[in-house]
Amino acid sequence: MKTPIHAVSTWVRRQPPKVKAFLAVVSGMAALVLLRFIVHDHDNLFVAAEAVHSIGISVLIYKLMKEKTCAGLSLKSQELTAIFLAVRLYCSFVMEYDIHTILDLATLGTTLWVIYMIRFKLKATYMEEKDNFALYYVLVPCVVLAVLIHPSTSHNILNRISWGFCVYLEAVSVLPQLRVMQNTKIVEPFTAHYVFALGVARFFSCAHWVLQIMDTGGRLLVVLGYGLWPSMVIISEIVQTFILADFCYYYVKSVFGGQLVLRLPSGGDDAITPGEMEPPATASNRSSRRLLFDRRYGWVVDEWKDPSEEALAGGRGMFCVVPLTKTLFQTASLSINSAVKFLDMKLQKLANPIHNPSGDLGSGSNVLD
Numbered sequence: 022m023k024t025p026i027h028a029v030s031t032w033v034r035r036q037p038p039k040v041k042a043f044l045a046v047v048s049g050m051a052a053l054v055l056l057r058f059i060v061h062d063h064d065n066l067f068v069a070a071e072a073v074h075s076i077g078i079s080v081l082i083y084k085l086m087k088e089k090t091c092a093g094l095s096l097k098s099q100e101l102t103a104i105f106l107a108v109r110l111y112c113s114f115v116m117e118y119d120i121h122t123i124l125d126l127a128t129l130g131t132t133l134w135v136i137y138m139i140r141f142k143l144k145a146t147y148m149e150e151k152d153n154f155a156l157y158y159v160l161v162p163c164v165v166l167a168v169l170i171h172p173s174t175s176h177n178i179l180n181r182i183s184w185g186f187c188v189y190l191e192a193v194s195v196l197p198q199l200r201v202m203q204n205t206k207i208v209e210p211f212t213a214h215y216v217f218a219l220g221v222a223r224f225f226s227c228a229h230w231v232l233q234i235m236d237t238g239g240r241l242l243v244v245l246g247y248g249l250w251p252s253m254v255i256i257s258e259i260v261q262t263f264i265l266a267d268f269c270y271y272y273v274k275s276v277f278g279g280q281l282v283l284r285l286p287s288g289g290d291d292a293i294t295p296g297e298m299e300p301p302a303t304a305s306n307r308s309s310r311r312l313l314f315d316r317r318y319g320w321v322v323d324e325w326k327d328p329s330e331e332a333l334a335g336g337r338g339m340f341c342v343v344p345l346t347k348t349l350f351q352t353a354s355l356s357i358n359s360a361v362k363f364l365d366m367k368l369q370k371l372a373n374p375i376h377n378p379s380g381d382l383g384s385g386s387n388v389l390d
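Anchor point for the sequence shown: position 27 equals 48 in our numbering, and the numbering is continuous, going up by one each time.
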């Protein structure tokens, strides 16, 4: 007999992407309403976001120290995180020194330690060829946006641009990590826990902003400044939340399905196959960088099933990083193609006298309706 949670999970899994996106939005709104009644001081949500982020980093530290491997982690994501934390820390010192400054300082320290471990101590296990997201794809747009749209406060222009830069960079800093998971096709538990913690932290942070705007009747937007900056702050929070929302959905589904190792369906020739899971002869072998994990951790790859069989059987959850934005882009593309075909058909009718024997176009309503 199926449990209610398993029944709901199976039903959601069978829904098309648009329905899943709608359910995700409804669930998020319901969670916001619940938080509004439970949490009276909304600043606690920001503290909770920082606390969850710290828990995620603690999971990374445990992975690096206990497992002695950084496979599956993106060094570039950690570097982006260190950059926006350093810039935000600078802005906090010169603009507003508070408890958030201390939290950012602690987070920056642990992030720098993770970078040191990946770059030097555990370099042999770093999957450099999988961590191939070009940093200038996010750094350059963030700099341009910060120069064009930044807080309109009385602070120095350089400080205001720096603050805008760290807000924009934080929103997209996780993209290299998601790219690594897409390239490897598999996510081991500790990395999955870390990214899920980032998603939860981002939800709390986004809820903090949304609830404050609701409680102040929109006056908070004026406090943030004038022009496009207040809107860009909210958009940045929402973008980062949606980037991680899709991962969190598949993570929760996999946890309820009892699957520890999250596997992506093969999407190309570069996907890792079970044969590549065997440990290399030497740790210095460059092919070891393609090794994500092996049997010594207790993850038996032989028990993995075909994704289609998993979906039909409603068995263990499958993980697939398919960002919500991809569905939106696909929907927009289909809509544009349909509109172009429709207009082309109508123009052909206008040009072809067979479809308008009288030759009287009139107002055109009989053709374009």
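Cβ coordinates follow ideal geometry from the N, Cα and C atoms, glycine included.
Report the partner residues of residue i according to the DSSP bridge assignment.
i   : result
V60 : Paired residues: none, contrary to the question.
Count the other CB atoms within 10 Å of the CB of residue i; is the residue buried (16 or more) or exposed (fewer)?
i    : result
V159 : buried
M1   : Missing from the structure shown is residue 1; the chain here goes from 22 to 390 and no further.
L248 : For the record, residue 248 in the displayed sequence is Gly; it is not Leu. By the 10 Å Cβ count, G248 comes out exposed.
Y270 : buried
H74  : buried
M138 : buried
V231 : buried
A228 : buried
E150 : exposed
V108 : buried
K97  : buried
Q36  : exposed
K87  : exposed
P162 : exposed
P25  : exposed
T237 : exposed
V195 : buried
P300 : Note that P300 has pLDDT 40, beneath the 50 cutoff, so the model's placement of it is unreliable and no number is given.
L382 : Per-residue confidence for L382 stands at a pLDDT of 38, beneath the threshold of 50, marking its modelled position as unreliable; no derived number is given.
A167 : buried
F141 : exposed
F58  : exposed
S252 : exposed
A192 : buried
S48  : exposed
L55  : exposed
V40  : exposed
V46  : exposed
S226 : buried
V29  : exposed
Q261 : buried
Our contact map puts residue i next to residue j with C-beta atoms below 8 Å; I'd like the distance itself, whole angstroms only.
i    : j    : result
L190 : F268 : Not really, about 19 Å apart at Cβ, beyond 8 Å.
D152 : V201 : 5 Å
L156 : L129 : The pair is not a contact, with the Cβ atoms about 18 Å apart (cut-off 8 Å).
Determine the closest residue to residue i out of the options, with distance taken between C-alpha atoms.
i    : options                : result
T205 : N180, V188, M148       : M148
I104 : A222, I256, S183       : S183
L409 : S275, A266, V168, V276 : This structure leaves residue 409 out entirely; the chain is present only between 22 and 390.
V273 : R223, V260, H214, F263 : H214
H61  : G220, Q233, A222       : Q233
N179 : M50, I256, V115, W134  : Contrary to the premise, residue 179 reads as Leu rather than Asn in this sequence. That would be V115, whose Cα lies nearest to the Cα of L179.
V80  : G185, L55, L94         : L94
C112 : V188, A52, S257        : V188
E258 : N65, T31, V29, A70     : A70
T90  : A145, L53, F224, F217  : A145
Y83  : A72, E100, V135        : V135
I9   : I170, R34, L66, S275   : The chain is shown only over 22 to 390; residue 9 falls outside these bounds and no answer can be derived.
I8   : S252, A222, V54        : This structure leaves residue 8 out entirely; the chain is present only between 22 and 390.
P172 : A72, W250, R34, L133   : W250
P197 : G185, T174, V216       : V216
T122 : F154, V164, L133, V68  : V68
V276 : E209, V254, S226, T262 : E209
A51  : Q261, F224, L106       : F224
V399 : F186, H176, L143       : For the chain, the structure presents residues 22 to 390; residue 399 sits outside this window and is missing.
I76  : V260, N65, F211, T262  : F211
I207 : W32, A92, L85, D64     : A92
A218 : I78, L53, E100, R181   : I78
T131 : F154, E117, H176, L85  : L85
L101 : L133, I120, N177       : L133
E117 : A127, L66, H176, F154  : H176
F154 : A127, L106, Q99, L143  : Q99
(message) So within the region 138–171, which uninterrupted alpha helix (DSSP H) runs reach at least 4 residues, ignoring any that extend past its ends?
(response) 157–169
(request) Just list the alpha helix (DSSP H) runs in the region 37–100, keeping only unbroken ones of 4 residues or longer that don't cross its boundaries, in chain order. (result) 38–59, 64–83
(request) Please list the segments of the alpha helix (DSSP H) lying wholly inside the region 184–236, counting only runs of 4 or more residues, in order along the chain. (result) 196–205, 210–236
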